[in-house]
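Comments concern the structure below.
4 protein chains.
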Amino acid sequence: MSETLKRIGILTGGGDCPGLNAVIRAVAKAAIGDQRQVIGIEDGYLGLIENRFRVLEYLDVSGILTRGGTILGSCNKANPSHYAVPDGQGHWTIRDVRDQVVEHYQQAGLDALVVIGGDGTMSGAAGLVQRGLNIVGMPKTIDNDLWGTEITFGHDTAVATAADALDKVHTTASSHHRVMVVELMGRYAGWLALHAGVASGADVILLPEIDFDISKVADKCLDRSRGGRGFTIIAAGEGAKPAGSGQFVDRVVENSPDPIRLGGVAKHVADRIEKLTDLDSRAIVLGHVQRGGTPTAYDRVLATSFGYHAFELLMSGRFGRVVVQQAGEITSVPIAEVADKVRTIPRDYPLISAARKTGTSFGD
Amino acid sequence: MSETLKRIGILTGGGDCPGLNAVIRAVAKAAIGDQRQVIGIEDGYLGLIENRFRVLEYLDVSGILTRGGTILGSCNKANPSHYAVPDGQGHWTIRDVRDQVVEHYQQAGLDALVVIGGDGTMSGAAGLVQRGLNIVGMPKTIDNDLWGTEITFGHDTAVATAADALDKVHTTASSHHRVMVVELMGRYAGWLALHAGVASGADVILLPEIDFDISKVADKCLDRSRGGRGFTIIAAGEGAKPAGSGQFVDRVVENSPDPIRLGGVAKHVADRIEKLTDLDSRAIVLGHVQRGGTPTAYDRVLATSFGYHAFELLMSGRFGRVVVQQAGEITSVPIAEVADKVRTIPRDYPLISAARKTGTSFGD
Amino acid sequence: MSETLKRIGILTGGGDCPGLNAVIRAVAKAAIGDQRQVIGIEDGYLGLIENRFRVLEYLDVSGILTRGGTILGSCNKANPSHYAVPDGQGHWTIRDVRDQVVEHYQQAGLDALVVIGGDGTMSGAAGLVQRGLNIVGMPKTIDNDLWGTEITFGHDTAVATAADALDKVHTTASSHHRVMVVELMGRYAGWLALHAGVASGADVILLPEIDFDISKVADKCLDRSRGGRGFTIIAAGEGAKPAGSGQFVDRVVENSPDPIRLGGVAKHVADRIEKLTDLDSRAIVLGHVQRGGTPTAYDRVLATSFGYHAFELLMSGRFGRVVVQQAGEITSVPIAEVADKVRTIPRDYPLISAARKTGTSFGD
Amino acid sequence: MSETLKRIGILTGGGDCPGLNAVIRAVAKAAIGDQRQVIGIEDGYLGLIENRFRVLEYLDVSGILTRGGTILGSCNKANPSHYAVPDGQGHWTIRDVRDQVVEHYQQAGLDALVVIGGDGTMSGAAGLVQRGLNIVGMPKTIDNDLWGTEITFGHDTAVATAADALDKVHTTASSHHRVMVVELMGRYAGWLALHAGVASGADVILLPEIDFDISKVADKCLDRSRGGRGFTIIAAGEGAKPAGSGQFVDRVVENSPDPIRLGGVAKHVADRIEKLTDLDSRAIVLGHVQRGGTPTAYDRVLATSFGYHAFELLMSGRFGRVVVQQAGEITSVPIAEVADKVRTIPRDYPLISAARKTGTSFGD
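Chains as they are written, first to last, in my numbering: chain R, 1 to 364; chain C, 365 to 728; chain A, 729 to 1092; chain W, 1093 to 1456.
Below, the structure is given as structure tokens:
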């Protein structure tokens, strides 16, 4: 099978994530060392749609292991199955441009494609697999919420960045006896807030998976204030919301008596705590800093392992699959199985119990 | 003179700042090693007003060199010369409580006081010097804007934290061809934004000292976008504002045709850029993270030097002075000279010229 | 069962390891929160033998999550089953002091003991389990070579430190076209060298598990030198040795035609490479720096999870077991199963294949 | 004057140093922005001698601000005034190859040269100034021992790396009640050991400038052991030596009753302490790790300032000078004034007094 793989394309889609370059390097070095040609596709699916390809030589991928970002560029929105085409008069039409993509793929002489991205990108990949393209997928999300895999590269780096911010805020909080609410990424799943919160010993962790009762959070702050440790650190996933407030619809909580916006939970909580407790409270939104930077050693190893596994899938002709880790082993599952699905934290997740037992409240 | 100094008090006022513990340690170790007793005063002037003192032993200050925050606690608002006293019915009366402070000082048998803080704290210290207290001041501000000294401890750590955030945002910006505006601390002076911006190679730096022209900032972003490097990093001091927008009064720009709030410059600039250029633009407010964390090696050395110099001033009976660095040497000036004054960046500061020549715009 | 557990002892044995304090904190906070008393035993088994115990209160274990080292102290050598007792005349007698330990354990009213340590400490624990003590073991090794568990806390931090050193050496090597050999910890197993080497993109990785042929290593250096990248980074586990050189006996290779000492591989390799290739070569021995420092976020989470699991084992009366991770899940196995055993890297380990495919040689 | 400067050469000589790329970037961006051409010379003076030049474009120097090492390569030994030429039969002849260098300089159409390096490189530059080349020098040394300047870029990064290693060793030392001796760079001057030692709160600092009495060092270790803090951290500059042991000649102490080699002080001290005190003692040689890595924010700002000042000197035709910092200001002095000179720490340096007062011994 692998005899016929002369030319392999590679693209990165979705948000920035530490370790993208490490994956590109692993796939490209393995392929080039094996006498295959590697074609870099620029800006995710956009490059496939707009026919922007370039050959990646060995030196192009040397020295990129430790760099954040992606040398190929990325794009958040372009899904070939429903691509928004501007009509030049301020309107957009949604079109299926997969024929165009297949044509560019064939013109470029590509035999297979490695697609690195999140659930949206995998959804796009599933659509191209239907058109017969030979695709191997690679999960990418700092949120660690992709279905079918225990871990994704980039998450460990994001946790390290978030925990470092929480550690830093700790000193201010304790010097000033304040409540500090730090909002971390995670719309649907709270892995990042949970891991960073536990790593930094946060007093309260708010997760999308566990609706919080603001009065219980306030009580925790008051207890700590009275108990002599006059400060409280709260790590909040951006999708966390008060109990009884409905679901996030688009970016606002539906039917909420106390409406908050996605990405507004820190301010909401800090304001409420201050009103309920009279304690000085501040909100910090860490933002895009969590997506950037040099990957941790852990993520570089993981990304290299994932990249190598993708190459092995290519060589054995096992297309239409995405690389995952399950039960500590790197393996693969069909792309269609993971596309458009989210992995949230189970209520009985042992780390939640561990955190509760070591003094952390989840506001429930 | 120093024979009579049996008991030395020490307090930390104002916002959190890396290196506070290093100063406390240096003063206390030097004093204890010299057979003096050291009294830690809790929560800044509040502890003086409320009589909250405790003896600091050698072991209390061992191992704190590398820790952020202050083991003594701090307080932002309590100036003994005009202290806000609650009347229990929701109102506050401003009173001069210096008599009370002098009484507590004498009751505790203090012979001198080391006061570590920013311009507000120094203003309070000047008021106590007038009442005859033996005070040595120590400048503290991550903003580096205290009059009379070239550098203050904590600034280098804040610059390192801010530059690290800019570096991290760089990868996202370049992968997504975005404009990223990162708001850094600095209400009156832009030292932090300038130093972090230069350290990280920011494309645009906005300073309180140089009012910006948003159309020039937008042009810079467009130039970069067209020139193939489709991203722009903007480091903005929180006090930066558009030309012609008046002055910040309290926290809002006075008489502004285009009003912005202090601490809102990043959002303002990102919104305007997106409108003017159609480039994807994002705002990040780094916030309190800049105040926290382990001090850099540089700040630990500087704080130790400053602390030792404070001790020398005490021993030689040179009270009423504040430790500063001038022309690269550690020395001191009268507290009254520095209280309530701000040191801003001169227009002809060489680093601004260096930044311009190496590709950075200041939006003017 | 857990009703009877009123007092729980905890000790740390063997070499320093990041995350020890995080485990102590997790066990102690869980136990104290559950109305149990926690007794800290000083300096590992030495404290048990010499009866040095102290109560750990909640505040004693607050704020230690992020600190390296162990607040309890440790000791490398004291195994109660064969303890070296000085006779006061310069000689030592090996004695079984388990009766003494059991007596101290009973006198202190301990109901159970958490023993944190490496294979030697687990061997000591197995001996105490035979005497009826209620023990839960916790694996600890930066080398990650303990039998029965996929991962141990501390390893990730050591990998991060080692990879950072390799990254730093990279710049010197490339600026000066040198061969740099960096010796990393790992006597029997090369996990640390493998993970750090892959994370940093080392050109050659030498492992205890794969005897190297120095001429092949030299050829790799020459190839790189001729190919325009005139430098080579070699990550060497301290137990790596040339093919045909016998086994390490105590600390020297037995029957070796070319004898090297354990902990001398970097110098050996650098000298030989320089002779064989005429390339400028340097050896660096990273040493104890690998054992220290603030644990990574990953290790803090892992140590907290392990500590909580140990508490759960205590509460359910499942003594004589050691906490491990298998197939990605935290679970436990009998202490006797893991004592005195080492887990080495299998020859067909996927990461070795990944490293080979991405340009790394193993000298074989 | 500057009208005639059409083409500017730049080279980096001597050992690796963080900030070299930041200087190259600053000089090149300023020059290119000013319509000058910039020529990169490879591997220091070797490139001048062997005629290895290449044009540096704007994109060649983009993105290198944060990278360690030098994109131009460096060379330790090639001084054009006395260059060692191999005769092909294993011998070397020392020759003055300055005529050859002048020829290559003229052939390449260079109008001026920026030479970045340490005292040896400045000595070479002084020789080329004598032949009429237009040279601006830039001091470079992590040791911070160049005559005529208070600070050199790279030093702050090396201090940060060294202090981080001392911090890490701290945890092991305290957990195991050990004496840890960490050897840091600094043959002639102890700035690195002093700054890192103070930053990390080392208990003993050994400097080339202050010969130590091993029995006093041992007493300090015993005092700490008895006083309940059973560990001691010693930071030793590699040029430190026992009192009465003569001077280092080449790399060995001359006429020493107790001979030690340059770069052997840590092992020497650890062995002696262990014999004198029976305390468990270990030596760590940090080595080349100190030269590498991403420059600190401080060093990036300093290197950018220095680079810009070099450009200003070029533009104003002030050749034969080297950029320095004096009294906190960036300025310049004649190259001949600084060549072959070393700046050591004065005995009455305030930081030494500060360290003594805060508990550090210098072994004297």
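A virtual CB, placed ideally from N, CA and C, is assigned to each residue, including glycine. No experiment lies behind these values; they were computed from the predicted model shown.
When secondary structure is reduced to three states using DSSP, Val-1414/W falls in the strand class. Nearest Cα to Tyr-916/A within the set Thr-869/A, Arg-952/A and Gly-801/A: Thr-869/A. Using beta-carbon distances, His-176/R does not count as an interface residue toward chain A, since no partner is under 7 Å. Remark: C-beta atoms of Val-629/C and Ala-600/C approach each other more closely than 7 Å. Fully contained in the segment 210 to 260 of chain R are the following beta strand (DSSP E) runs of length 3 or more, in chain order: 232 to 237.
In summary, the residues of the segment 17 to 29 of chain R whose CB is separated from some CB of chain A by less than 8 Å are Arg-25, Ala-26 and Lys-29, in the order they occur in the chain.
According to the DSSP assignment, Met-549/C belongs to no alpha helix (DSSP H), since it is labelled neither H nor E.
Between Arg-7/R and Val-1147/W, the alpha-carbon positions lie close to 34 Å from each other. Taking CB atoms only, Asp-1311/W has no neighbour in chain C less than 7 Å away.
Within the segment 548 to 570 of chain C, not one residue has a Cβ closer than 9 Å to any Cβ of chain R.
Taking a Cβ-Cβ cut-off of 7 Å, the neighbours of Asp-895/A in chain R comprise Thr-66, given in sequence order.
One alpha carbon belongs to Gly-190/R, the other to Gly-603/C, and they sit about 34 Å apart. Of all alpha-carbon atoms in Gly-846/A, Thr-1005/A and Val-926/A, the one lying nearest the alpha-carbon of Gly-876/A is that of Gly-846/A.
If you draw a 10 Å sphere on the C-beta of Asp-895/A, you find 16 or more other C-beta atoms in it, and that means buried.
Burial state of Leu-423/C is exposed, judged by a 10 Å Cβ sphere holding fewer than 16 other Cβ atoms. Phe-595/C places its beta carbon less than 7 Å from that of Ala-537/C. Non-local beta-carbon contacts of Gly-383/C in its own chain, meaning distances under 6 Å to residues more than five positions away in sequence, involve Phe-517, Gly-518, Pro-659, Asp-663 and Ala-667 in chain order. Taking C-beta atoms as the reference points, Gln-1127/W and Ala-1250/W fail to come closer than 7 Å.
Three or more Cβ pairs closer than 8 Å define a contact, and the segment 351 to 358 of chain R falls short of that threshold against the segment 472 to 492 of chain C. Any Cβ of chain A closer than 7 Å to the Cβ of Arg-1383/W would place that residue at the interface, and such an atom is present. In the structure shown, the three-state DSSP call for Pro-1438/W is coil. Looking at the DSSP output, Glu-693/C bridges to Gln-690/C. Setting aside the 5 residues that flank it on each side, Leu-856/A is surrounded in the same chain by Pro-808, Arg-826, Val-829 and Ile-863, each with a C-beta closer than 7 Å to its C-beta; the list follows chain order. Within chain C, the residues whose beta carbon sits less than 9 Å from that of Met-180/R are His-652, listed in sequence order. Of all residues in the segment 990 to 1019 of chain A, those with a C-beta nearer than 7 Å to a C-beta of chain W are Arg-1010, Ile-1012, Val-1013, Gly-1015, His-1016, Val-1017 and Arg-1019, reading in chain order.
At a cut-off of 7 Å between beta-carbon atoms, Thr-141/R makes no contact with chain A. For Ser-1266/W, the enclosing alpha helix (DSSP H) stretches over residues 1247 to 1268.
Those residues of the segment 343 to 364 of chain R placed with their C-beta closer than 8 Å to a C-beta in chain A are Pro-350, Leu-351, Ser-353, Ala-354, Ala-355, Lys-357, Thr-358 and Gly-359, ordered along the chain. Boundaries of the beta strand (DSSP E) around Ala-112/R: 112 to 117. When 7 Å is used as the limit between beta carbons, Asp-884/A is near these residues of chain R: Tyr-298, in chain order. Chain order gives the chain R residues near Ser-438/C as Ser-175 and His-176, where near means a beta carbon separation below 8 Å.
For Gly-109/R, the closest alpha carbon among the candidates Gly-124/R, Leu-133/R, Glu-274/R and Pro-86/R is that of Leu-133/R. Annotated three-state conformation of Arg-418/C is strand, per DSSP. Taking each of Asn-804/A, Gly-865/A, Arg-753/A and His-819/A in turn and checking the Cα distance to Glu-1065/A, the smallest one comes out for Gly-865/A.
Between Arg-1049/A and Ser-1060/A, the CB-CB gap stays under 7 Å. Proximity to Gly-488/C across Gly-377/C, Gln-690/C and Lys-605/C peaks at Gly-377/C, based on C-alpha coordinates.
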